[in-house]
Structures are given as C-alpha cells and as structure tokens.
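See structure below.
2 protein chains.
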Amino acid sequence: MDLNPRKLRILRAIVDEYILSGAPVGSKVLSQNPSFKLSSATIRNEMADLEDLGYLEQPHTSAGRIPSDKAYRLYVNNMMQRSNLTEDEIKVMSAYCQSKVKGLDAVMRETASVLSRITHYTALVMMPESSTNRLRHLQLVPLAEGYALVVVVTDAGVARDSVIRVPVEMGADELDRISRIISQRYYNCRMIEVGDRMMKELGGELQDRGTFLTDLVETMETAPGANAHRIALSGANNMLDFPAYSDIDRARQLLAAVEKKDSMYQMLKNAGPFEISFRIGSELGEDIFSDCSLVTATYRIGNMPVGTMGVIGPTRMPYGKVVSVLDYMRKSLGSILTNLLEED
Amino acid sequence: MDLNPRKLRILRAIVDEYILSGAPVGSKVLSQNPSFKLSSATIRNEMADLEDLGYLEQPHTSAGRIPSDKAYRLYVNNMMQRSNLTEDEIKVMSAYCQSKVKGLDAVMRETASVLSRITHYTALVMMPESSTNRLRHLQLVPLAEGYALVVVVTDAGVARDSVIRVPVEMGADELDRISRIISQRYYNCRMIEVGDRMMKELGGELQDRGTFLTDLVETMETAPGANAHRIALSGANNMLDFPAYSDIDRARQLLAAVEKKDSMYQMLKNAGPFEISFRIGSELGEDIFSDCSLVTATYRIGNMPVGTMGVIGPTRMPYGKVVSVLDYMRKSLGSILTNLLEED
DNA sequence: TTTAGCACTCCGTTCGCCTGAGTGCTAATC
DNA sequence: GATTAGCACTCAGGCGAACGGAGTGCTAAA
Numbered sequence: 091m092d093l094n095p096r097k098l099r100i101l102r103a104i105v106d107e108y109i110l111s112g113a114p115v116g117s118k119v120l121s122q123n124p125s126f127k128l129s130s131a132t133i134r135n136e137m138a139d140l141e142d143l144g145y146l147e148q149p150h151t152s153a154g155r156i157p158s159d160k161a162y163r164l165y166v167n168n169m170m171q172r173s174n175l176t177e178d179e180i181k182v183m184s185a186y187c188q189s190k191v192k193g194l195d196a197v198m199r200e201t202a203s204v205l206s207r208i209t210h211y212t213a214l215v216m217m218p219e220s221s222t223n224r225l226r227h228l229q230l231v232p233l234a235e236g237y238a239l240v241v242v243v244t245d246a247g248v249a250r251d252s253v254i255r256v257p258v259e260m261g262a263d264e265l266d267r268i269s270r271i272i273s274q275r276y277y278n279c280r281m282i283e284v285g286d287r288m289m290k291e292l293g294g295e296l297q298d299r300g301t302f303l304t305d306l307v308e309t310m311e312t313a314p315g316a317n318a319h320r321i322a323l324s325g326a327n328n329m330l331d332f333p334a335y336s337d338i339d340r341a342r343q344l345l346a347a348v349e350k351k352d353s354m355y356q357m358l359k360n361a362g363p364f365e366i367s368f369r370i371g372s373e374l375g376e377d378i379f380s381d382c383s384l385v386t387a388t389y390r391i392g393n394m395p396v397g398t399m400g401v402i403g404p405t406r407m408p409y410g411k412v413v414s415v416l417d418y419m420r421k422s423l424g425s426i427l428t429n430l431l432e433e434d
Numbered sequence: 091m092d093l094n095p096r097k098l099r100i101l102r103a104i105v106d107e108y109i110l111s112g113a114p115v116g117s118k119v120l121s122q123n124p125s126f127k128l129s130s131a132t133i134r135n136e137m138a139d140l141e142d143l144g145y146l147e148q149p150h151t152s153a154g155r156i157p158s159d160k161a162y163r164l165y166v167n168n169m170m171q172r173s174n175l176t177e178d179e180i181k182v183m184s185a186y187c188q189s190k191v192k193g194l195d196a197v198m199r200e201t202a203s204v205l206s207r208i209t210h211y212t213a214l215v216m217m218p219e220s221s222t223n224r225l226r227h228l229q230l231v232p233l234a235e236g237y238a239l240v241v242v243v244t245d246a247g248v249a250r251d252s253v254i255r256v257p258v259e260m261g262a263d264e265l266d267r268i269s270r271i272i273s274q275r276y277y278n279c280r281m282i283e284v285g286d287r288m289m290k291e292l293g294g295e296l297q298d299r300g301t302f303l304t305d306l307v308e309t310m311e312t313a314p315g316a317n318a319h320r321i322a323l324s325g326a327n328n329m330l331d332f333p334a335y336s337d338i339d340r341a342r343q344l345l346a347a348v349e350k351k352d353s354m355y356q357m358l359k360n361a362g363p364f365e366i367s368f369r370i371g372s373e374l375g376e377d378i379f380s381d382c383s384l385v386t387a388t389y390r391i392g393n394m395p396v397g398t399m400g401v402i403g404p405t406r407m408p409y410g411k412v413v414s415v416l417d418y419m420r421k422s423l424g425s426i427l428t429n430l431l432e433e434d
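Chains as they are written, first to last, in this note's numbering: chain A, 91 to 434; chain B, 91 to 434.
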C-alpha cells in the first residue's frame, strides 16, 4: 500500500469517527482532535488524496467523507482493535452460558438471541454440522399404513425427522428390527459413509422391499449433519434501525432476503473456516446487502470446527466490539456443545 | 341493531370500497355507484348518522370516512361474502397439496409460505397439538457421559428432542432397555397420561436412580403435544407493505412483536376452536396491532381440531378472499395430516 | 510544506401558497 | 317529510422559494 503513516492515521480516525457518529466526517472535526497537530486545510488535502485512492467517498460536494468498502477492509485487517466488553454484556453472556441445557435447538436459538440483543444487529447461527458426524441411533416409527417416520440421531445431539413411504407389508416389528440392526451395525460410523455401506451391505437382504432402502438412505443423506442447512435467526427487525433502510421499500427487500434462510445459510457457509472473518458491503455479493457487513465466527466441538455464527449489520458497525462479542460467544457455544456432546 | 336497510347497504358499500382503495370514502363516489339512486347529499346525511353510531370515522374534517373496528365486525359477521379463488391461487394451493411429503416441520413451513404468498400478508401456522396425542416411541440416546438425548415421537408424526442428565452409571444398554420398555408399555397411550403412569408404575424400579425418572417425565410433559407452542411463520416482511407501517418506528415495533413467537402463539391460541374466526383491530388487545386483523382457521386431524393457522394483515384486508384461502388451506392441511397420521 | 482565508456548492428545513376533495348546512323541490 | 342542489368552509398534501449551515477546493501567504 502506498499510504504513508499520516494518511493511515487520518483514515483510521475517519473510520472510527464515522462508525461512532454515522455522519460524513469533515476536515474540521478531525483537526479539532488534539492528537492531530494539523490544520483542517492540511487534512482536507490528505482527504482528497485518500478519495483519489479509493478509500473515501463523498455523498455530495459539500459533505464530509465516508469510508469506502476498501477502507473498511483495510480497517478490519490492520487497524481495528478489539474493544473490551462492558460488565453488562459479560453478565448477559455468562448468564446464557450457565442457563440450563435444553435440546440443541434451544441452545442455538438462545445463542442467536443473545448475539442480537448485545450487538443490536441481526444474528445468524448455523446448526452444528460436520462431515465427521457420527450416527448414534436410527429409529423407524410406523405412522399410517405405508408410512414411517425416520428419526436420525447423531453425535451432534439432535434428532432430525422426516417421513418416508414403506412397503405396506412391513409391520411395526420389522421396522423396529431394522432400526435396531442399523443402529447397532453403524453405531458411531460417519454419516457420510453410512449411506454407501447400507446400500452395499443391506441391499441383498432388503432387495424385495422396492425402493425402501434407497428412500431411507436418501433421507439420511439429505440430512448429512442431521441439521443440514438449518440456522437460527434473531433480531431481523434490528435491520430497520439503521438509516440506510429507512426507505420502506429497501427495508422490505432486505427483510425478504433475510427471511430466505437458504441464502442466509449460504452466506454463513461462504465465510469459510476462519475463526473470525469479515465480509464487507460489496464483498457479500448481494445488492441488497451492499450497505451491510457480515462478521462471522466459527465454533468448534472439541477441536473440530462444526458451525458458524454471524452478525449482519451496517458496514459502519463497531467491528471491534462485534468481534469481541462473537469471539466470546463462539467459545461459549463451543464449550457448551463440547461438554454436552464430546465423544465419551 | 338500529340500522335500517339503507344504512346497512351504504355501510357495506363503504367497507367494500375502502378495502379496495385504501383511501377514505367520500359521499360522491358512492352516489356515482348506479346501484344507489341517491344524491351525494343524502348519502352524506346517512354517513353522518353512521359516524354518530360509531361505525365510521373521519381522519379529518375534509376527508371521507373510513370504517371503524365496529363496522368491520358487523361486516364480517353479516355482510361479507366469500370470494371465489382465482385459477392461479388454486393452482398454487393444489400444487402444495400434492407436494411430496417431508417431515411435519416442512409441511408446516410450506403451509405458512403458501398462505403468505397468496394473501400477501403474514401467515402463522401452529404445530398440531392435541391433548389426545399418543405416544409412538421413546428413545434415550446416550451422549456424553451423564447426558442423554430424549427423543419423543407421537402420532402427530414428529420427533421432539431435548437433553437430560442421567446417572453416570447408566450405560447405553440400560438406556436402550428403558426406552424399549417405555415404548412398548405406553404405546398409544395419551401423552397427558403417560407421565403420571410412569411415575406410579416405574417409580419402584427406578427409585435408586435419583431424579432421573422425574426429569424424564418432566421433559416429556413440557412437550405435551410434542410440539407445544411451536409455530411456523412466513411473510413477516409483508407487514411493511401497508401504509400504516410506513413509519419506520412502528414497523420496527411490529416486527419485533411478530418475532416473539410466544405471543404469536398466544394470539392464535386465543382464537378458539372455531372453524374460522376474526379478531379485528382493538379486539387483538395489542396496541401495536390496532390497525391489524387476524383471521384464523382451525384444522383437524380426522375429526379432532388440533391446530390453528392464521393470517395477520391490515384491518382493511379483503376478508372474503382471506377466508376462502384459509378455508381451503385448513382443509388441505387437515387431509394431508389425516392421511399421513391417522390411527391405523 | 503548512496554513489562513474566501468564494462556492449543495443539502435539508422552513414557510407560505395553492389546489382539490370533501364536508355540513340551508333553502328549494318532490 | 324526504331528497336534492348549491354554497361556503376546512384541511391535508404538494410545490417552490428562501435560508442557514456544513464543508469543500483553491489561492496566496507564512
């Protein structure tokens, strides 16, 4: 980068100030900051340079400057420092950690809720999923004639159910027998392998059962992590707080986008396996989110990254604080899950 | 009621017109309607009367009239007629009916989604729950040492899971054994009775297991219908479409209210067991919904009402159409569930 | 290289004006 | 007695002019 230290300092001050105030930053306020011993005119010159270099933008001629996505990128990479959490925040988060364990679903929802309450943004938490998920139990429960409920339990600690057709002549006893066989034979096998093995090893025995085996395997595989593609979402309404979406029309589009959990899932997924990662404005690749940033954190069970949580807010969010919160939460969630689910 | 037939006709015309246009209705447009052979002056007099009686309101002196909640109530009780569904709507809804069966969760989500897409309002669908739900299967799956996942399957066709502590010395075998005993002994028992019976009948056998039995029973009971208090929600962003919420601040409050699924659940629940029921504006008892109406429909499994679905929109929604859609959907959902889950 | 000074730009707000829709009332008509 | 035509009055919403303020770029001096 061709930014001299003074330019860097000024850019950083602008980003900090803009995040704080939300209003375009003028040369005057910066020159009043005692840490700069420069006149506003000098700063104006530097700001003009920074604009030429693509770090700043001007909403209109007689306004101050606002940081560009490029500036935010530089900021989060090199300049940002984590901010300390307030006592209140820590209180909320540690209360959450100690709350009594209820099923995984509830933990995820609660995590999202805490995240959105503390940051005042929209929080997303992906269900844990991992290609190393292992089968704990499979149960086929007969429903109406010709139908059965498939319940799959993995070591990620949650049951996932769906309905499949079964041959009419298969009674409760046989379904139960099959359940027991599969549960025992494939206990602790990785989910990604179970399907293949079942096709090979049980194909003969069940060959006169029509598509039953195929259907069953497909059902099990479409839920590879037993939780595929499921996310908890909280605080969508916080989106309306920030002025970029005071335009009702945009607000609608945004909410509609957020409601599509599939695409939200993809956004989380795209963040990759980094502990903390940022996607800023245009980097998100969705027009409607061009004024938003997504900060994500990966949580682990034991040492294995199994899921991602994230916060979507305006590009001008206080990254330092958001990072601190996410880091705290990803560790908390990790240890909750690890204690609960680790291989025993 | 002290409304003569002419007043009724006028009131009805006003409601119809206002629902259609969204703008306060003046005497002139009504007098132009050829079905009234009255001058605008006459109609004005009648409108003044209707206002005195509380059926109409005037946003300001020189505006037309809009219907009050009282008028809408009269309208839905006595005047409204169901409107026919368009071909497109029927196409969407019947496609939904024939879609391949996936777990109950998916069916509920899809129902809500179809409802909100067709009505362009916010749709709520309560999971089926019934005090007559019967146990199909119980499975305790060991997790980390001292923890187990409780999976309960009822005839409502869905598994519900949560985690409980178990005595450390109970191994996988014993958990499995207990699962089998409970599943067999209480197969097809009503969920509301299972807890009591377990306490009585298994108390002795498990008395040296600490709070295990109590915990287990509690877990099973907090999910009486296996789906207690769960709802699917779709189209919340549609709320932003109507002008009453073009004020961003109100929009936020509204969305926050909608996000609280508990209170949404209560609103559905409060609707009672009627096939179709209306709650208009102030009748909803929540300030933030004072410009909204909730139309609900109860769906059945077999002959038993097990859940409610509803649509929230502005008080000036086209009730006739919404009712037709809800009626269609409640029957569709009912038959989907009945086919799938009926006692065999 | 930095700074002071100045003319200029442009946004957002405020204010007054005007228009159009709709009313209530009165007096005439059926 | 019910209905209607006519008229004066009211008020919300839209439009444009005027204005103040914040901030800039440029020039010339330090």
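Glycine residues also receive a C-beta, built at the ideal position from the N, C-alpha and C atoms.
Per DSSP, the unbroken alpha helix (DSSP H) holding Val119 of chain A starts and ends at 117–122. For Glu349 of chain A, a Cβ of chain B is located within less than 9 Å of the residue's own Cβ.
If you look at Leu228 of chain A, you'll find it in the beta strand (DSSP E) that goes 225–232.
Take Ser252 of chain B, set aside five residues on each side of it, and the residues of its chain with a beta-carbon closer than 7 Å to its own are Val240, Thr309, in chain order. Chain-order list of chain A residues neighbouring Ala361 of chain B: empty, with the shortest C-beta distance near 24 Å, by a criterion of under 7 Å. Between Gly116 of chain A and Gly154 of chain A the beta-carbon gap is near 4 Å, inside 8 Å, which marks them as a contact. Between Arg342 of chain B and chain A, the shortest Cβ-Cβ separation is below 9 Å.
Non-local beta-carbon contacts of Gly410 of chain B in its own chain, meaning distances under 7 Å to residues more than five positions away in sequence, involve Met170, Gln171, Arg172, Ser173 in chain order.
For Leu93 of chain B, the closest C-alpha among the options B:Tyr355, B:Lys359, B:Thr151, B:Leu140 is that of B:Leu140.
By the Cβ neighbour-count rule, His150 of chain A is exposed, with fewer than 16 other Cβ atoms within 10 Å of its own. Note that the C-beta distance between Ser121 of chain B and Ser111 of chain B is not below 9 Å.
Per the DSSP secondary-structure output, Met329 of chain B pairs with nothing in a beta bridge.
Relative to Leu323 of chain B, the option among B:Thr201, B:Leu101, B:Cys279 whose CA is nearest is B:Thr201. Between the beta-carbon of Met354 of chain A and that of Leu214 of chain A there is about 6 Å, and that keeps the pair under the 8 Å contact cut.
Listed along the chain, the chain A residues whose CB falls inside 7 Å of the CB of Asn327 of chain B are Arg342, Leu345, Ala346, Glu349. Look at Leu110 of chain B: its C-beta is not under 9 Å from any C-beta on chain A. Within the model, the alpha-carbon separation for Thr176 of chain A versus Val415 of chain A is close to 10 Å. The contact set of Ser336 of chain B on chain A, defined by CB atoms closer than 7 Å, consists of Ile338 in chain order.
For Phe368 of chain A, no alpha helix (DSSP H) encloses it; the enclosing beta strand (DSSP E) starts and ends at 366–370. With contacts defined by Cβ atoms closer than 9 Å, Pro257 of chain A and Val396 of chain A do not form a contacting pair. Contact annotation for Asp159 of chain A against chain B: no contact, minimum CB-CB distance about 25 Å [criterion: below 7 Å]. In the three-state reduction of the DSSP assignment, Ser129 of chain B falls in the coil class. Interface flag for Ser152 of chain A against chain B is unset, since no Cβ pair is found closer than 9 Å. Rounded to whole angstroms, the separation of the alpha carbons of Ser383 of chain A and Thr405 of chain A is 5 Å.
Within the same chain, Leu228 come within 6 Å of Ile272 of chain A by CB-CB distance, once the 5 residues on both sides are set aside. Taken through DSSP and simplified to helix, strand or coil, Tyr145 of chain A comes out as coil.
Under the three-state reduction of DSSP, Thr405 of chain B is assigned to coil, being neither helix nor strand.
At the C-beta level, Met281 of chain B and Glu311 of chain B come within 9 Å of one another.
With a threshold of 16 other beta carbon atoms within 10 Å, Ser336 of chain B falls short and is exposed. When the five nearest sequence neighbours on each side are left out, the beta carbons in the same chain lying within less than 8 Å of the beta carbon of Val182 of chain B are those of Val204, Arg207, Ile208, in order along the chain. Taking a beta-carbon distance threshold of 9 Å, Val243 of chain B counts as an interface residue toward chain A. Using a CB distance below 8 Å, the part of the segment 207–230 of chain A facing chain B consists of Arg226, His227, Gln229, ordered along the chain. Within the DSSP bridge table, the entry for Thr386 of chain A names A:Ser367, A:Gly400 as partners. In this structure, Leu344 of chain A sits near Phe379 of chain A, with a CB-CB distance shorter than 9 Å. No Cβ of chain B is located within less than 9 Å of the beta carbon of Pro257 of chain A. For Pro404 of chain B, no CB of chain A lies under 9 Å from its own CB, so it is not counted at the interface with that chain.
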